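Chains as they are written, first to last, in the numbering used here: chain A, 1 to 311; chain B, 1 to 332. The C-beta atom is built at its ideal place from N, Cα and C for all residues, glycine as well. Bear in mind the structure is a predicted one, so any value in this text is a computation, not a measurement. Notes for the one structure printed next.
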Amino acid sequence: MKNKRSGIQGRQRKIRKPKSMAFRNALAGYLFTSPFIIGFLLFLMLPLLQSFRMAFSTVRFDGGIVYDFVKFYNFKYIFKIDPEFIPLLIDELLQMAYTVPSIIVFSFFIAIVLNQKFKGRGLVRAIFFLPVILSSGVLIGLETNNTLMQGLKDVIAKTSNASSITDVVKSMFLTEGAYIGPIQYVFDAVDRVYEIAMASGIQIIIFLSGLQTIPASMFEAAVIEGATPWETFWKITFPMVSSLILVNVIYSIIDFFVRSDNEVMTHIKDTMTAQVEYGRSSAMAWTYFGVIAVIIALVSAIISKRVYYYD
Amino acid sequence: MIRANKSFKNFWERNRLTQGYLLKRTVGRAMFRFARAIMLFGLCFLILQPILSKISVSFMEEKDLYDATIINIPRNWSTQNYQMSSYLMNYKKALGTTLWLSLIIALIQLASTTLVAYGFARYNFPGKKLLFAFVLLSIVIPPQTILTALYLNFRYFDIFGIFKLFTGDTVNLLNSVWPYVFISSGAMGLKNGLYIFMLRQYFRGIPKEMEEAAYVDGCGKLKTFLVIMLPDAKPMLTSIFLFAYVWQWTDSFYSSLFLRKFNLLSTAVAGLGDSLMTHMQNISNRTAFPTTAYTQAVISTGTLMVVAPLVLIYFIAQRGFVESIAQAGIKM
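Next comes the structure, spelled out in structure tokens:
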């Protein structure tokens, strides 16, 4: 007993010292995160500020970097004179609006299927995650960036009667020129199913991980209460992974904007390396970043209102 | 009904007892399975098809490419395409360089992101939320935004004007591996924000009791991290390492800027079409140039040669890879 009491007293004395537990924890926290703090300041914050400065100047080299302040000239240039940037940007945004919802629906659906039990599940999973490797970095743009190949594709599309899966369906069921409205979206999504499958490797993994965290007892309870699979899906599965929909939407948007065959990115890089217009390319990059930030803020504000958090 | 299930009566009798429900359910399930199998097969084929066609094209001789009667199986088998793209990419040397460079970069990134993620997950300190917001920011900012400035900083590298003071000029670091090593150790490399995010989720999931038990047994903070936490996170660390390795392997974006001097597979395969063109013009004294089909065949072969080692690694490590991420339960 006595020993124990003295132990407690010893501890209390320790707490009274200036180096409290909280202080030491904070210190450890700073030490552990110090690589990021330093890296962030040096390789993100500093370049970000510099590039912000560049966006408002013309950059010259005179033994070092010299900035000539030109106010909004670079922005005026990219918005009013540059013939490529704005069309590329708009095109990119439209494609994003098209692709991201398809990716989310596709990967959610696939994740649900891959979460079921069937023979050969391991192999099928392995194949579906293969795009994580196959559509990364340089590999994704190899075919589409090849101008010769692009020309060849156009020729094939012109000479053959039906160039896509859905054209056949369309010619079978639809009157020529009839308004099909939103169905066109579905047709386009089906036509691009390969691209969508290639872009949704990580999203499938994230959804799958979410599905596996749903306790089995919930489904059992639902079955006992007499819920149909349809109801179980909308009342349990969907709300439980809804937070991951937000994660995946944001991930897909970012992935779409920064992937290597993105034309806006290529244009920015060309402006910098080929035309050596550092100021202009910074202005483009900042415009691009601004657009992305606004889109992500909007999307996450809209989705996070509907997200359900279990805990 | 319970009695019927217990006794081993045949299917039809059991079906009669359930008034046709059993038959309906069995048929329904079989149809569902059949439809699912067809759909999965179709989608798997869709994903694999480009690789399969690349494989078949890679073994064709050039004349096979123009023969309309040959669809998938080459008539004249040859490894010509492999020799050509291997020569153009300087494959052996590039493979070696890529192997060790990706390894080093991936290890550095793994080490720094693990430290940072652990700090964020297990300790409370003032400004933590703001710092973590910066992590998210680093995921969201397209590298292009900072690329120009980063590039110039390393081109005219200087620490507070010290180098200029002594040598009269700044240092050009772009021809060395150092810029990217610095960036990686600052957890600012390719997709490092994502790794921090995923590792943090994992470390947060480890029960606090484990940490406390380690402290009670006399472990310091660093020792707890090294001896208790790291072994526990091994699956997650492996998959982050694999991500870092694979993505570094295929990355041409950072590589073409900061690792220019090195003969890497990703940059080699990106320029394969051009180098084939140059090669053909050189050997033919600027009269011939490669056809589309042949260029495509060589690029396909090159792609296969770049991807093959990765696919091999992936299929060996796949189980741990996928399971560990699935177990981590990534949540916002």
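Alpha carbon to alpha carbon, what distance is there between residue j and residue i?
i	j	result
isoleucine 292 (chain A)	arginine 75 (chain B)	50 Å
alanine 162 (chain A)	arginine 192 (chain A)	Caution applies to alanine 162 (chain A), whose pLDDT of 47 falls short of 50 and renders its modelled position unreliable; the model cannot decide the point.
leucine 298 (chain A)	isoleucine 250 (chain A)	11 Å
aspartate 67 (chain B)	tyrosine 294 (chain B)	13 Å
alanine 268 (chain B)	isoleucine 104 (chain B)	20 Å
phenylalanine 243 (chain B)	isoleucine 38 (chain B)	31 Å
leucine 56 (chain B)	arginine 260 (chain B)	The sequence shown places serine at residue 56 (chain B), not leucine. The straight-line gap from Cα to Cα measures roughly 32 Å.
valine 190 (chain A)	leucine 147 (chain B)	36 Å
alanine 301 (chain A)	histidine 279 (chain B)	54 Å
phenylalanine 56 (chain A)	serine 275 (chain B)	38 Å
glutamate 136 (chain A)	serine 252 (chain A)	According to the sequence shown, residue 136 (chain A) is serine rather than glutamate. Approximately 13 Å between the Cα atoms of the pair.
isoleucine 299 (chain B)	methionine 89 (chain B)	10 Å
glutamate 313 (chain A)	glutamate 225 (chain A)	Any property of residue 313 (chain A) remains undetermined from this structure, which presents chain A solely from 1 to 311.
tyrosine 278 (chain A)	leucine 312 (chain B)	41 Å
phenylalanine 118 (chain A)	arginine 36 (chain B)	10 Å
asparagine 145 (chain A)	alanine 227 (chain A)	Confidence at asparagine 145 (chain A) is low in this model, with a pLDDT of 49, below 50, so its placement is unreliable and the value that follows should be read with caution. Those two C-alpha atoms are separated by around 50 Å.
leucine 99 (chain B)	arginine 155 (chain B)	26 Å
asparagine 124 (chain B)	alanine 297 (chain B)	56 Å
tyrosine 118 (chain B)	isoleucine 296 (chain A)	27 Å
phenylalanine 61 (chain A)	valine 276 (chain A)	11 Å
glutamine 203 (chain A)	phenylalanine 187 (chain A)	22 Å
tyrosine 91 (chain B)	leucine 44 (chain A)	34 Å
threonine 273 (chain A)	glycine 201 (chain A)	32 Å
serine 20 (chain A)	valine 105 (chain A)	50 Å
threonine 147 (chain A)	leucine 272 (chain B)	Low local confidence applies: a pLDDT of 49 at threonine 147 (chain A) is under 50, so the model's placement there is unreliable, with the coordinate-based value given in what follows. Rounded to whole angstroms, threonine 147 (chain A) to leucine 272 (chain B) spans 13 Å at the Cα level.
lysine 269 (chain A)	serine 281 (chain A)	7 Å
leucine 41 (chain A)	leucine 93 (chain A)	31 Å
lysine 221 (chain B)	lysine 129 (chain B)	22 Å
alanine 283 (chain A)	phenylalanine 238 (chain A)	41 Å
proline 87 (chain A)	tryptophan 286 (chain A)	17 Å
leucine 304 (chain B)	threonine 224 (chain B)	44 Å
methionine 31 (chain B)	valine 264 (chain A)	46 Å
methionine 60 (chain B)	alanine 270 (chain B)	22 Å
aspartate 232 (chain B)	glutamate 13 (chain B)	54 Å
valine 294 (chain A)	arginine 306 (chain A)	19 Å
alanine 4 (chain B)	arginine 121 (chain A)	With a pLDDT of only 49 at alanine 4 (chain B), under 50, the local geometry of the prediction cannot be trusted, and no value is derived from it.
Who are residue i's beta bridge partners in DSSP?
i	result
glutamate 67 (chain A)	The displayed chain sequence assigns tyrosine, not glutamate, to residue 67 (chain A). Partner(s): A:Val59.
serine 77 (chain B)	The identity of residue 77 (chain B) in the sequence shown is tryptophan, whereas the question assumes serine. In the DSSP output, where bridge partners are listed per residue, tryptophan 77 (chain B) has B:Met60.
Please name the residues in the region 110 to 134 of chain A whose beta-carbon is closer than 8 Å to at least one beta-carbon of chain B, in chain order. Ile110, Val113, Gln116, Phe118, Gly122, Val124, Arg125, Ala126, Ile127, Phe128, Phe129, Leu130, Pro131, Val132, Ile133, Leu134
Could you list the residues in the region 16 to 48 of chain B with a C-beta less than 8 Å from some C-beta on chain A, going in chain order? Arg33, Arg36, Ala37, Met39, Leu40, Leu43, Cys44, Leu46, Ile47, Leu48
The region 17 to 29 of chain B touching the region 91 to 103 of chain A, judged by at least three CB pairs closer than 8 Å: no
State whether the region 106 to 114 of chain B contacts the region 191 to 198 of chain B, with contact taken as three or more CB pairs (one from each stretch) at a distance under 8 Å. With a cut-off of 8 Å on Cβ pairs, the region 106 to 114 of chain B is in contact with the region 191 to 198 of chain B, counting three or more such pairs.
Can at least three beta-carbon pairs, one atom from the region 108 to 121 of chain A and one from the region 289 to 309 of chain B, be found at a separation below 8 Å? no
Meets three-Cβ-pair contact criterion under 8 Å: the region 40 to 49 of chain B and the region 188 to 208 of chain A: Touching, yes, given that three or more Cβ pairs across the two stretches are closer than 8 Å.
Quick one: which residues of the region 285 to 297 of chain A get their C-beta closer than 8 Å to a C-beta of chain B? List them in chain order. Ala285, Trp286, Tyr288, Phe289, Ile292, Ala293, Ile296
When you compare the region 200 to 217 of chain B with the region 70 to 84 of chain B, are there three or more beta-carbon pairs, one atom per stretch, that lie closer than 8 Å? no
Taking beta-carbon pairs under 9 Å, can you tell me which members of the region 139 to 152 of chain B lie near chain A? Ile139, Val140, Ile141, Pro142, Pro143, Gln144, Thr145, Ile146, Leu147, Thr148, Ala149, Leu150, Tyr151, Leu152
Under 9 Å (Cβ pairs) to chain B, residues found in the region 32 to 45 of chain A: Phe32, Thr33, Ser34, Pro35, Phe36, Ile37, Ile38, Gly39, Phe40, Leu41, Leu42, Phe43, Leu44, Met45
Sufficient close CB pairs (3 or more, under 8 Å) joining the region 201 to 221 of chain A to the region 121 to 131 of chain A: yes
Any chance the region 128 to 135 of chain B sits against the region 215 to 228 of chain B, with 3 or more Cβ pairs inside 8 Å? no
Please list the segments of the beta strand (DSSP E) lying wholly inside the region 173 to 209 of chain B, counting only runs of 3 or more residues, in order along the chain. none
Do the region 212 to 221 of chain A and the region 64 to 74 of chain A make contact, defined as three or more Cβ pairs closer than 8 Å? Taking a cut-off of 8 Å on C-beta distances, the region 212 to 221 of chain A does not touch the region 64 to 74 of chain A, as fewer than three cross pairs fall below it.
For the region 67 to 85 of chain A against the region 184 to 192 of chain B, do three or more pairs of beta-carbon atoms, one drawn from each stretch, fall closer than 8 Å, so that the two count as touching? no
Short of 7 Å Cβ to Cβ, which residues in the region 239 to 252 of chain B face chain A? Val246, Trp247, Thr250, Asp251, Ser252
Pick out the complete alpha helix (DSSP H) segments inside the region 72 to 139 of chain B, 4 residues or longer, and give them in chain order. 80 to 89, 91 to 122
Near-chain B residues of the region 47 to 59 of chain A (beta-carbon distance less than 7 Å), N- to C-terminal order: Those residues of the region 47 to 59 of chain A that come within reach of chain B (Cβ to Cβ, closer than 7 Å) are Pro47, Leu48, Gln50, Ser51, Met54.
Note down, in chain order, all residues in the region 247 to 258 of chain A with a beta-carbon under 7 Å from any beta-carbon belonging to chain B. Val247, Ile254, Phe257, Val258
What residues in the region 301 to 315 of chain B have a beta carbon less than 8 Å from any beta carbon of chain A? Cβ contacts with chain A: Thr303, Val306, Val307, Leu310, Val311, Tyr314, Phe315.
Compile a chain-ordered list of the residues in the region 186 to 201 of chain A whose CB is closer than 8 Å to at least one CB of chain B. Val193, Tyr194, Ala197, Met198
Please go through the region 45 to 129 of chain A and give each complete alpha helix (DSSP H) segment of 4 or more residues, from N-terminal end onward. 46 to 55, 73 to 76, 85 to 115, 121 to 129
Which residues, taken in chain order from the region 81 to 113 of chain A, show a beta carbon closer than 7 Å to some beta carbon of chain B? Val113
Taking Cβ-Cβ distances below 8 Å as the criterion, which residues of the region 210 to 222 of chain A are in contact with chain B? Against chain B - using a Cβ distance shorter than 8 Å - the residues of the region 210 to 222 of chain A are Gly210, Gln212, Thr213.
Given a limit of 8 Å on CB to CB distance, which residues of the region 93 to 111 of chain B reach chain A? Within the region 93 to 111 of chain B, contact with chain A at the beta-carbon level (separation under 8 Å) is assigned to no residue.
Could you list the residues in the region 264 to 280 of chain A with a C-beta less than 8 Å from some C-beta on chain B, going in chain order? Met265, Ile268, Lys269, Met272, Tyr278
In the region 201 to 242 of chain A, which residue ranges form an unbroken alpha helix (DSSP H) of at least 4 residues, counting only runs that do not cross its ends? Runs found: 201 to 213, 216 to 224, 229 to 232.
The region 176 to 193 of chain B: positions lying closer than 8 Å to chain A by Cβ: Phe182, Ile183, Ser185, Gly186, Ala187, Met188
Give me the subset of the region 204 to 228 of chain B whose CB atoms are less than 7 Å from a CB atom of chain A, sorted by chain position. From the region 204 to 228 of chain B, only Lys221 have a Cβ closer than 7 Å to chain A.
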